[in-house]
Each structure stands twice: as C-alpha cells, then as structure tokens.
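Participant: Counting from 1, position 94 in the sequence shown corresponds to residue 97 in this note's numbering; the numbering is continuous, with no gaps.
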Amino acid sequence: MRFDLLTIFPEFFTGPFDYGIVQRARSQGIVEIAVHDLRSFTSDKHHVVDDRPFGGGDGMVFKPDPIFRAVESLLADETPSGDGGDDHDGKRTAVVLLSAQGRLFKQAEAARFANECRRIILICGRYEGVDERVAQHLATDELSIGDYVLTGGEIPAVVVVDAVTRLLPGALGSETSAVHDSFSDGVLDCPHYTRPAEFRGIGVPDVLLSGHHGEVARWRRRAALLKTLKMRPELLELVALTDEESRWLDEAGRANEDY
Ligand code: SAM
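#1: Could you give the uninterrupted runs of the beta strand (DSSP E) lying entirely in the segment 104-187, keeping only those of 3 residues or more?
#2: Report the rounded CA-to-CA distance for Ala227 versus Asp165, giving the unit in angstroms.
#3: For Gly87 and Thr96, I'd like the C-alpha separation in whole angstroms.
#4: For Tyr196, I'd like the list of residues in its chain whose CB is within less than 8 Å of its CB, leaving aside the five on either flank, ordered along the chain.
#5: What span of residues does the beta strand (DSSP E) with Glu35 cover, start to end?
#6: For the ligand SAM, I want to know if Tyr130 counts as a neighbour, meaning its beta carbon is within less than 7 Å of at least one of the ligand's heavy atoms.
#7: Just to confirm the assignment, what range does the alpha helix (DSSP H) spanning Arg225 have?
#8: Less than 7 Å separating the Cβ of Gln110 from some heavy atom of the ligand SAM?
#9: Going by DSSP, what residues sit across from Ile205 in a beta bridge?
#10: Could you give the C-beta distance for Met63 and Glu145, rounded to a whole number, given that I count them as a contact under 8 Å?
#11: Can you have a look at Ala28 and say buried or exposed, based on whether 16 or more other CB atoms are within 10 angstroms of its CB?
#12: Hey, is the segment 9-20 in contact with the segment 33-40, meaning 3+ C-beta pairs nearer than 8 Å?
#13: Considering just the uninterrupted stretch of the alpha helix (DSSP H) at Phe71, what are its terminal residues?
#14: What are the boundary residues of the beta strand (DSSP E) that Ser7 is part of?
#15: Could you check the C-alpha separation between Ala174 and Leu101 for me, to the nearest Å?
#16: Checking the sheet assignment: what are the DSSP bridge partners for Arg55?
#17: Kindly indicate the opening and closing residues of the alpha helix (DSSP H) around Val25.
#18: Note down, in chain order, each residue of its chain lying with its Cβ closer than 7 Å to the Cβ of Asp263, except the 5 sequence neighbours on either side.
#19: If I'm right that Glu119 touches Lys94 with Cβ under 8 Å, what's the distance once you round it to whole angstroms?
#20: Let me check understanding here. Comparing Cα to Cα, which of Glu201, Cys127 and Ala117 lies closest to Pro172?
#21: Just to confirm the assignment, what range does the alpha helix (DSSP H) spanning Leu252 have?
#22: When the distance is taken between beta carbons, is Gly189 closer than 8 Å to Leu241?
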C-alpha cells in the first residue's frame, strides 16, 4: 500500500510514522508513505495555496488548482490506466479529502480501504477548508474522523494511515491480531488485565487465572458485550446475538451489573 499525503506542513509528519507497527510496516515494505508539499504545485512565485471565500466571510479557502495539479501529477505516475480507477491487480487508488463534513471514518471503512486499495492519496485542508470542487470533482471519498473540528487535516491523515496500515496483511505480525479488536465484529473489545493478579487490593476475574480456555473465551465474549452495553449501547442494535448473549445483556441490564 502506498500513501501520498498532500499538505502545506510537510514537517508535521516527521515523527508519527516512525514508531511501532507503522514504522515496522514501512521497513518491511508493507507500506510506503510519501509526503508532498502542496505549495510546490502552485504556479505563482509566492506559492499561494489559498484565497478569500466567494460571498464574503471569515478565513481563507484552499484554491482548487494546486490540489487538482498535485493529484493529477501523482495519478500520472500510475500504470496502466493512470485515471484513479481500478488497476490490473483489481485494487484501486482512493483520493481522500479529509473534512469535518465527510462520511465518518470507522473500522469498517479502514478495513475496506485495506482490502480494496493499492494507493491512498490524502488531502489535508487548513483554514476554512477546501474549495468544494475538490470534494465534488476530484476526491473519491470525503472522510471525517469524528464530529469535532480540528485545525487541519494532518492529524486525520495520520489516523487514516495508522488505522489502515495495521489491517494490512503482515503488519501486526503473528503475535497480534485485529480479529478481536473493538468494532471488528460490531462490539467493543473485552477488558484486558495483566500481572499482578492483585494490585492495591484490586483483583482480576478468577476465570482469567483458571487456565480453562473455553471458560475464558466465554467470559471474554460476555464481558465484551457488557462493556459495549455500558459504553456504546447503540452498537448492539446492529449485532446478531445468540439467545444466551441476549440473556446475558437482559440480566446485566436489570441488575445494573458490571463485567
Ligand atoms: N470550516 C470547516 C467546517 O466547519 O467544516 C472546518 C475547516 S477545518 C478548521 C480545516 C481543515 O481541517 C479541514 O479542511 C479538514 O481538512 C480538517 N479537518 C478538521 N476537522 C476534521 C475532521 N473532524 N475530520 C477530518 N478532517 C478535519
């Protein structure tokens, strides 16, 4: 997978991709991350990327021209079609505009990108945002990382790179798996504990020390469902539960029980 990041602050990305799983995925060639300065795609001598909004109002807006040029020059490198569509390996290039107005970026979306794409171009806005023609006529996806407004698209771009990279084959290594992560099967992950078994008088659930794999798996599933009921009950509306799992939730709800 190749990520291309378009930004007016290329130095911002010094650091975020140099640690842990993302760094390892880079050194193993699982991902390649290239950062491009949007200003180098301007045609004026002052390298201006923004202008005042039509209709008046506060702030500045990213002009369409440097962004279209940048994306088109990146896509021109592609073979065989170079049009951002499906390639011969059946995978596509996504052109993602990071935007507070975009579709919410969720785990399922990260998995879809990891499975379907060979390349993701990420456009980081600043100021009041980006000329709407980029969303309408250039981007394949307009994504938001949450219902809040950040100062720029750089942090959202790091979020997308990180979430997609860890789902690529080989990225997590054999010791970890994303299968039980929160949201992978629609509910939150189960709670985790480690040594010591008693800390400041607070113990851990006995079953986790029992060595009984079947009982541990059952406890984990029940605890994951109860934690989801407590923290994110709306997620449960979309999950197909067994009769036993529904009973666990009913009983826990009635008793106001913790996991
Ligand atoms: N005026 C815009 C609005 O209210 O939707 C906010 C612009 S914001 C200050 C500047 C840039 O930050 C955006 O163009 C976008 O690239 C990025 N951004 C801010 N919040 C974001 C979010 N929740 N998800 C993704 N990108 C975001």
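For glycine and all other residues, C-beta sits at the position ideal for the given N, C-alpha and C.
Facilitator: Considering the structure as presented:
#1: 120-126 and 144-147
#2: Counted from its first residue, the sequence shown places residue 227 at position 224. Counted from its first residue, the sequence shown places residue 165 at position 162. Between Ala227 and Asp165, the C-alpha separation is close to 24 Å.
#3: In the sequence shown, counting from the first residue as 1, residue 87 sits at position 84. In the sequence shown, counting from the first residue as 1, residue 96 sits at position 93. Note on Gly87: pLDDT 49, under 50, position unreliable in the model; the coordinate value appears next. Distance between the alpha carbons of Gly87 and Thr96: 5 Å.
#4: Numbered from its first residue, the sequence shown carries residue 196 at position 193. Result list for Tyr196: Val207, Pro208 and Leu211, in chain order.
#5: Working through the sequence shown from its first residue, we reach residue 35 at position 32. Its beta strand (DSSP E) spans residues Glu35 to Asp40.
#6: In the sequence shown, counting from the first residue as 1, residue 130 sits at position 127. Yes.
#7: By one-based count along the sequence shown, residue 225 stands at place 222. Per DSSP, Arg225 belongs to the alpha helix (DSSP H) from His216 to Met234.
#8: In the sequence shown, counting from the first residue as 1, residue 110 sits at position 107. No, Cβ of Gln110 sits at least 7 Å from all heavy atoms of the ligand SAM.
#9: One-based indexing of the sequence shown puts residue 205 at position 202. In DSSP, Ile205 forms a bridge with Phe202.
#10: Taking the sequence shown and counting its residues from 1, one reaches residue 63 at position 60. Taking the sequence shown and counting its residues from 1, one reaches residue 145 at position 142. Not a contact, Cβ separation roughly 20 Å.
#11: Taking the first residue of the sequence shown as position 1, residue 28 is located at position 25. Buried, since its Cβ has 16 or more Cβ neighbours within 10 Å.
#12: yes
#13: Position 68 of the sequence shown, counted from the first residue, corresponds to residue 71. From DSSP, the alpha helix (DSSP H) with Phe71 extends over Pro67 to Ala79.
#14: By one-based count along the sequence shown, residue 7 stands at place 4. Correcting the residue type first, residue 7 is Asp in the shown sequence and not Ser. First-last of the beta strand (DSSP E) with Asp7: Arg5 to Thr10.
#15: Locating residue 174 in the sequence shown gives position 171, where the first residue counts as 1. Locating residue 101 in the sequence shown gives position 98, where the first residue counts as 1. Their Cα atoms are separated by approximately 24 Å.
#16: Within the sequence shown, numbered from 1, the residue matching residue 55 stands at position 52. DSSP output for Arg55 lists no bridge partner at all.
#17: Taking the sequence shown and counting its residues from 1, the one referred to as residue 25 is at position 22. Val25 -> alpha helix (DSSP H) spans Gly23 to Ser30.
#18: Nothing in the structure corresponds to residue 263, since the chain is present only between 4 and 262.
#19: Stepping through the sequence shown from its first residue, residue 119 is reached at position 116. Stepping through the sequence shown from its first residue, residue 94 is reached at position 91. So it is a contact: roughly 6 Å between Cβ atoms.
#20: In the sequence shown, the residue the question calls residue 172 occupies position 169. The shortest Cα separation from Pro172 among Glu201, Cys127 and Ala117 belongs to Ala117.
#21: Indexing the sequence shown from 1 puts residue 252 at position 249. Start and end: Asp246 to Ala258.
#22: Against the sequence shown, residue 241 aligns to sequence position 238. Against the sequence shown, residue 189 aligns to sequence position 186. Against a cut-off of 8 Å, the Cβ pair of Gly189 and Leu241 comes out as a contact.
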